[in-house]
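A short write-up of the structure that comes next.
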Amino acid sequence: MNTKVLEEELNKVDICGEAPEAEPYRQYYYIKKCREIIEEKSRKLGRPLTASTVTFGCQMNARDSEKLAGILEQIGYVMTEDEHADFVIYNTCTVRENANQRVYGRLGALGSIKKKNPHMLIALCGCMMQEPEVVEKLKKSYRFVDLIFGTHNIYKFAELVAARLESDRMVIDIWKDTDKIVEDLPADRKYPFKSGVNIMFGCNNFCSYCIVPYVRGRERSRNPKDIIREIEQLVEDGVVEVMLLGQNVNSYGKNLDEPVTFAQLLREIEKIEGLERIRFMTSHPKDLSDELIEVMRDSSKVCRHMHLPLQSGSSRVLKVMNRKYTKEDYLSLVERMRTAIPDISLTTDIIVGFPGETEEDFQETLDVVRKVRYDSAFTFIYSKRTGTPAAAMDAQVPESVVKDRFDRLLAEVQEISKEMSSRLTGQTLPVLVEEKNDHDPHLMTGRLSNNLLVHFPGDESLIGKIMDVHLKECRGFYYMGEAAPKRGR
Ligand code: 5AD
Ligand code: SF4
């Protein structure tokens, strides 16, 4: 929702009365209430109050953080990247154990900062908070935390902040699940020209190693009309690229009152004038339809990139993982995609060391990697997540064996990735210019339709524009280029 429309809504709110029951109006009420309190605090301190969001984990969390930042700004905080802010919120991830460890490590340091700033408020939210043991540990050993909430009630952020501002106690609100989707709340986008857009929440797949279905709840699709309206507003605000987000976008719309397929949704989104690029993430191979491949083939806006998590190349392991496809199904799907869209870039996720994985199973994974030739792959060491079926399985693979397999897989993946990435050398292709290069201020960094980065001489006025760039040289996983005279899609 854009700021002007929100401001009109906020003007209608009377905070002297009771909070309305209906959403999002209830949250508008609390935004306005918090505004008064923050204004008062700021007046007393003689300076604006600052806030910072810190995101761990996936794109879904990144988008959630933009929503949190949107609320914080509306409440009256000035956003900063500095963790010495007056309000710091960690949006956590729990997909692998090391994600949890990182949060605890940083939280300890944040506690020391808080000792020096008594006005500071610390909030924690996201997937990790859905685990009861985590909340217990925080209550016991991290008493300085002010607010804890989970993944299902993030839309209530303003109300929760109000609760904390009006009391001196730690506020904890964790829900087990929800069937609710609240529309029309603000978001503060990191980039003015591109945005994530949630199309669905939760996951029903219960892959046996994965904690996501337990912490993100059951699958819920947003209404297509709400999605289109959001994207139209984003485009009005200058967005040219959207990333449609869901744990399994290929099963989008199955449970709506009037079912819609993901491919149909893409067709509708493609019609939005002014929108130039459409990406999506993540696809589950078991639900990827020929209809989707056709839409991608025929589309001038859907990007030439498919992230298609493999997890394992062994049909035996895939069965125990509850992935519901075999090695052969996966390879045939890749072939259908490559035949229809020859220039498509394929990326994947692979887990090494799933319980009971033998050297033979691992060789099957390497075989798929060699056959598919991924443009890039995220490789993960299996992490035992309490409560998942895999955590209770016998034959956890010894650490040294896993490490050795991981290194061999990584070497293979990287070599192929280098070769695949360089195949566009010499071509001139459209690039969305995203930012100034971190290392060289004379260079701009942009992204190709296939998601690879390109660095080329230019200036900041190009940011947010799609322009043709000649790809002169591939350096591993990115290109060095030169702006070409003509503008492309
Ligand atoms: N251990 C290791 N990797 C995991 N993933 C999900 N759960 C686990 C786990 N328990 C990986 C999968 C998924 C990606 C987001 O994280 O590969 O696709
Ligand atoms: Fe986890 Fe599988 Fe759902 Fe992905 S599809 S979030 S790996 S359960």
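For the sequence shown, position 291 matches number 291 in the UniProt record's numbering, and the numbering has no gaps at all.
C-beta atoms are modelled at their ideal positions from N, C-alpha and C, and glycine is treated no differently.
Note that the coordinates shown come from a computational prediction; the quantities given were computed from them, not determined experimentally.
Among T348, G353 and G426, the one whose alpha carbon lies nearest that of V413:
T348
With DSSP collapsed to three states, give me the class of G476.
coil
Starting from M281, follow its DSSP beta bridges and name the residues at the other end. L245
Practice item. Check M393 in the structure and name its three-state DSSP category. Key: coil
*asked:* Taking 8 Å as the cut-off, does the region 449-468 touch the region 173-180 (at least 3 CB pairs, one atom from each stretch)?
replied: no
inquiry  = Taking the beta carbon of H305 as the centre, do at least 16 other beta carbons fall within 10 Å, making it buried, or is it exposed?
reply    = buried
ask   = How is the alpha helix (DSSP H) around Y29 delimited, first residue to last?
value = Y25 to L45
For P192, the nearest candidate out of I154, E241 and V171 (CA to CA): E241
ask   = With respect to 6 Å, is the separation between the Cβ of C58 and the closest non-hydrogen atom of the ligand SF4 below this value?
value = no
TODO: Decide if Q363 is buried, meaning its Cβ has at least 16 other Cβ atoms within 10 Å, or exposed.
DONE: exposed
Which residues count as close to the ligand 5AD when the rule is a CB under 6 Å from any of its heavy atoms, in chain order? V95, R96, Y209, C210, P309, Q311, D349, I351, F380, Y382, S383 and R385
query: K254 by DSSP, collapsed to three states: which one?
result: coil
Close Cβ partners of E360 (< 7 Å) along its chain, the five nearest in sequence each way excluded = Nothing meets the Cβ criterion.
For the ligand SF4, any of its heavy atoms closer than 6 Å to the Cβ of P355? no
Could you give the first and the last residue of the continuous beta strand (DSSP E) run that contains P430? T428 to K436
Which residues in the same chain as T80 place their Cβ atom closer than 6 Å to its Cβ, once the five residues preceding and following it in sequence are excluded? The residues are T50 and S52.
Hey, out of M420, E357 and I37, whose CA is closest to residue 500's CA?
Nothing about residue 500 can be reported from this structure: the residues present for the chain run from 1 to 489 only.
Beta-carbon proximity of G196 to L245, cut-off 7 Å: Their beta carbons are under 7 Å apart, which means G196 touches L245 by this criterion.
| task | Identify which residue in S314, G356 and I293 has its Cα closest to the Cα of T339. | result | I293
On the three-state DSSP scale, how would you describe R220? Correct three-state label for R220: strand.
Given 8 Å as the limit, is there contact between the region 406-424 and the region 126-143, that is, 3 or more CB pairs closer than that?
no
Notebook entry, point to check: Just to confirm, does P213 get its C-beta within under 6 Å of one of the non-hydrogen atoms of the ligand SF4?
Noted result: yes
**Item:** Pick from G274, K225 and I341 that is closest to K465, judged by C-alpha positions
**Value:** G274
- Can C127 be considered in contact with the ligand SF4, in the sense that its beta carbon sits closer than 6 Å to one or more heavy atoms? no
| Straight-line gap, S315 to R218 (C-alpha atoms, nearest Å) | Approximately 26 Å, taken between the alpha carbons.
Q. How is the alpha helix (DSSP H) around I416 delimited, first residue to last?
A. E399 to S421
Query raised in the report: Who does K194 pair with in a DSSP beta bridge?
Result: E241
* To do: Could you give the DSSP three-state label for T55: helix, strand or coil?
  => strand
Exercise. Between G481, R35, I272 and L331, which lies nearest to I370 when the distance is taken from Cα to Cα?
Worked result: Residue identity differs from the one stated: residue 370 is Arg in this sequence, not Ile. When each option's Cα is compared against that of R370, the closest is L331.
May I ask whether a heavy atom of the ligand SF4 can be found less than 6 Å away from the beta carbon of N205?
-> yes
inquiry  = So, with DSSP's three-state summary, where would you put D168?
reply    = The DSSP-derived three-state label of D168 is coil.
| field | Proximal residues to T379 (C-beta, below 7 Å), its chain only, five neighbours per side dropped | value | I350, V352, F406, L409, L410 and V413
R143 burial status per 10 Å Cβ neighbour count (16 or more: buried) | exposed
Could you pull out every unbroken alpha helix (DSSP H) segment of at least 4 residues lying fully inside the region 70-141, listed in chain order?
-> 97-116 and 132-141
Unbroken beta strand (DSSP E) run spanning T3, endpoints: Unbroken run through T3 is the alpha helix (DSSP H), T3 to N11; no beta strand (DSSP E).
- Identify every residue that forms a DSSP beta bridge with R447. L432 and L453
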